[in-house]
Amino acid sequence: MQELENSIRDYFMVSPEDCKTIAGLFKSETIKKNAFWCQTGRPCDKMSFVQDGIFRLYADHPSGREITQWIAVNGSFLTDVSAFMLKSTCTFNIRALTTCKIFTIDRKHYETLGNLVPKWSEIEKLFISRCFVTMEKRVFDLISLSAEERYKQLFSYNRELFNQVPLQYLASMLGMTPETLSRIRRKLIS
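Going letter by letter, the sequence shown gives residues 8 to 197 in the working numbering.
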């Protein structure tokens, strides 16, 4: 629970009292490897903090391919942001790649935060803004960086992912084929 409190405090810059209030509404749970946290077409009525483990957010493409949108690791908040905020169904499947320990807040408790934390609307706005900035940067990187530059950027951000996540998922997230990712890796290793 301390990791959750630290992340809430650091990410949202809230007082220790508000931090404890927010964290107190999250419940600890374990998600088994390969279990779905949420699935496309179903309601998304929760948000989690990943204490330990790795999740993959992906969508099924009409061609039959799976497109990885994001890999969530320790210290990440996890949800289908648009589905959760707009109270709609999931766009993405979210599946555990490892057995994961998470803290989860359901919609009912999330919606009480406005009454419990005086600055909640500002905090929520900051959260949504940061999600938007992250996605905006990803889109810009996909259209402006070469495949090799995107690979290097992810590798410098979290090199452990390359040992923990199947390479075809990383290739998809980086907007390249597994063959291109392998070619880049070979080039950089030699």
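Think of the CB as a built atom: it goes at the ideal place given N, C-alpha and C, for glycine as much as any other residue.
Which class does residue i belong to by DSSP, given the choice of helix, strand or coil?
| i | result |
| --- | --- |
| MET180 | helix |
| CYS45 | strand |
| THR119 | coil |
| GLN141 | It is Thr, not Gln, that sits at residue 141 in the sequence shown. Looking at THR141 - three-state DSSP - the assignment turns out to be helix. |
| PHE99 | coil |
| GLU36 | strand |
| ILE130 | helix |
| ASP148 | helix |
| LEU104 | coil |
| ARG63 | strand |
Under DSSP, the beta strand (DSSP E) around residue i begins and ends at which residues?
| i | result |
| --- | --- |
| PHE110 | 107-113 |
To the nearest angstrom, how far is the alpha carbon of residue i from that of residue j?
| i | j | result |
| --- | --- | --- |
| PHE134 | SER55 | 13 Å |
| ASN165 | PHE99 | 23 Å |
| ALA30 | VAL21 | 11 Å |
| LYS94 | ASP52 | 7 Å |
| SER35 | PHE110 | 4 Å |
| PHE43 | LEU64 | 10 Å |
| GLY121 | SER189 | 48 Å |
| VAL80 | LYS108 | 11 Å |
| SER163 | SER153 | 15 Å |
| THR105 | GLU167 | 14 Å |
Who are residue i's beta bridge partners in DSSP?
| i | result |
| --- | --- |
| LYS53 | ASP113 |
| GLU73 | ASP67 |
| PHE162 | Its beta-bridge partners do not exist; DSSP assigns none. |
| PHE19 | DSSP, once it has assigned bridges, lists no residue as partnering PHE19. |
Just checking: is the beta-carbon of residue i within a distance shorter than 8 Å of some beta-carbon in chain C?
| i | result |
| --- | --- |
| GLY82 | In the displayed structure, chain C is absent; only one protein chain is listed. |
Over the uninterrupted alpha helix (DSSP H) stretch that includes residue i, give me the two end residues.
| i | result |
| --- | --- |
| ASN170 | 168-171 |
| MET92 | 88-93 |
| PRO185 | 185-196 |
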